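In what follows, a single structure is set out as structure tokens and then discussed.
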Ligand SMILES: Cc1cc2nc3c(=O)[nH]c(=O)nc-3n(C[C@H](O)[C@H](O)[C@H](O)COP(=O)(O)O)c2cc1C
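In structure tokens, the structure reads:
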């Protein structure tokens, strides 16, 4: 009998209707159908595109990726094809294949964010994620996401020219997460997504067999990379960030940071997320997001839940 019940895994992020709460995170899933060889991209809630700027960017010089035991440091520096190429080459692919998507945009000035938002509006883009949190660029992004006054100005100016779903992506690299999140809500954000990568550094000191010389670096080889840390090592930071902001905002929260299995997804719902994004784990398990959708369906059947909303309600940790 229970097999006949149609499960409702849908979730609404303001006007954006998602068939399920599993999304893929910006910068880890390309722009459109790059993961077609691994999964049916149409089966997940939505993909979030790589961060897109007004003009194409080549990003930072190499090395810009360092794999760690439980995570990854990247300093890609927003390499991307630019909005005009995206509209011309990628948008038709997304639309032809009926892929639900959110465009992640980034700028070096408020004017650039506004211009990008206008282009999205004129192309009827259903949802935009404002990247106010990337730590890997010299100007813009996190610079706008740290200060309440600047954030308010940026989000409200974008809000004035973009009528569809506006998601503000925040960083945990801030002193008062709850104030930043509340400011985004007050300025007109429809939802918050968090967290972006966390500022980090990897250093490797290799000492030559003859030891360190008094002239210091002669016999030591230093390798280092500064960038944004992601993957399972940041999950506790992400859970705490979401838990803290959930108590101060009433708009939906899309949680991410180190999600690599179904249990992780449930933990994000427990602390206050309404939907989740899979990021770094896509690199090692390219079909993980699709697998999470089927695990969610199986779990709901097993536990006799007809709707995601009921499941999330029962999981929510009472503050
Ligand atoms: C290689 C790489 C590129 C990324 N590029 C972007 C980006 O362009 N825009 C953005 O908002 N976040 C970007 N992110 C951050 C992710 O979307 C996500 O917020 C972060 O990695 C935390 O989730 P995770 O631990 O599941 O990866 C990038 C992350 C990685 C690892």
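In this note's numbering, the protein residues as written are 852 to 1170.
Cβ coordinates follow ideal geometry from the N, Cα and C atoms, glycine included.
Keep in mind it's a predicted model, so treat the numbers as computed, not measured.
Which residue comes first and which comes last in the alpha helix (DSSP H) that contains residue 1093? 1086-1097
- For residue 948, is the beta carbon positioned less than 8 Å from some heavy atom of ligand 1? no
Open item on the list: Helix, strand or coil, according to DSSP, for residue 1029 in the structure here?
Closed with: helix
**Request:** Can you give me the Cβ contacts of residue 1037 inside the same chain, cut-off strictly under 8 Å, excluding the 5 residues immediately before and after it?
**Result:** 1003
Measuring alpha carbon to alpha carbon, tell me which residue in 908, 1045 and 963 is nearest residue 1130.
1045
Note to self: Closer than 8 Å is the cut-off here; do at least three beta carbon pairs connect the segment 906-925 with the segment 1146-1166?
What the structure shows: no
Q) For residue 901, does the three-state DSSP call read helix, strand or coil? A) coil
For the segment 1073-1086 against the segment 912-921, are there 3 or more C-beta pairs whose distance is under 8 Å?
-> yes
Quiz item: Span of the alpha helix (DSSP H) holding residue 961?
Solution: 961-973
| query | With distances taken between CB atoms, is the gap from residue 1127 to residue 1120 smaller than 9 Å? | reply | yes
- Task: With a 10 Å radius around its C-beta and 16 neighbouring C-beta atoms as the bar for buried, classify residue 853 as buried or exposed.
- Result: Note that residue 853 scores a pLDDT of 47, beneath 50, so its modelled location is shaky; the value from the coordinates is reported in the next line. Label assigned to residue 853: exposed.
CB of residue 1031 within 9 Å of CB of residue 996, strictly: yes
| request: Classify residue 1035 as helix, strand or coil using the three-state DSSP reduction. | output: helix
Once you ignore the five residues that flank residue 982 on each side, which residues in its own chain have a CB closer than 6 Å to its CB?
902, 955, 957, 992 and 1020
Exercise for review: Let me know the secondary structure DSSP gives residue 853 once reduced to three states.
Suggested key: In this prediction, residue 853 scores a pLDDT of 47, lower than 50, which makes its location untrustworthy; the coordinate-derived value is nonetheless stated afterwards. Helix.
_Cβ pair count under 8 Å reaching 3, the segment 892-900 against the segment 1131-1148_ = yes
Hey, out of 1053, 1106, 1156 and 870, whose CA is closest to residue 949's CA? 870
Exercise. Measure the alpha-carbon distance for residue 858 versus residue 1156 and round it to whole angstroms.
Key: 8 Å
DSSP-derived helix/strand/coil call for residue 934: helix
Original post:
What residues are listed by DSSP as bridge partners for residue 1044?
Top reply: 1020 and 1105
Exercise. Considering residue 978, what are the terminal residues of the beta strand (DSSP E) in which it resides?
Worked result: 978-982
Taking 8 Å as the cut-off, does the CB of residue 909 come closer than this to any heavy atom belonging to ligand 1? no
Range of the contiguous alpha helix (DSSP H) that encloses residue 1006: 999-1012
*Taking 8 Å as the cut-off, does the CB of residue 1107 come closer than this to any heavy atom belonging to ligand 1?*
yes
Report yes if the C-beta distance between residue 1116 and residue 1147 is below 9 Å; otherwise report no. yes
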